[in-house]
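In the numbering used here, the protein residues as written are 619 to 688.
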């Protein structure tokens with residue numbers, strides 16, 4: 619993104635990147651005091667991976683619970 623625009627300050631670039639993220643990922647990133655334009659994408663990918671793993675685990679737990687109820 620930064621190579622596509624000239625003379626944008628980092629906070630404007632961060633705003634553009636953050637506005638394009640899913641809400642759950644954005645919330646996680648906003649709590650990071652060390653976030654900058656250089657590491658934002660990598661951290662967003664990491665957060666998304668963690669959220670997907672958490673969702674898969676919850677789905678597996680629910681499936682196992684429903685299986686045991688029968």
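For glycine and all other residues, C-beta sits at the position ideal for the given N, C-alpha and C.
Alpha-carbon to alpha-carbon, residue j and residue i
i           : j           : result
residue 638 : residue 645 : 12 angstroms
residue 657 : residue 647 : 11 angstroms
residue 628 : residue 664 : 21 angstroms
residue 670 : residue 660 : 15 angstroms
residue 679 : residue 672 : 11 angstroms
CB-CB length for residue i against residue j, believed under 8 angstroms
i           : j           : result
residue 643 : residue 630 : Wrong, their Cβ atoms sit about 20 angstroms apart, outside the cutoff.
residue 632 : residue 655 : 6 angstroms
Coil, strand or helix - residue i by DSSP
i           : result
residue 640 : coil
residue 633 : helix
residue 665 : helix
residue 645 : helix
Beta-carbon gap between residue i and residue j smaller than 9 angstroms
i           : j           : result
residue 676 : residue 640 : no
Contact test: residue i Cβ vs the ligand HEM heavy atom, cutoff 8 angstroms
i           : result
residue 671 : Ligands are entirely absent from the displayed structure, and the ligand HEM is therefore not among its contents.
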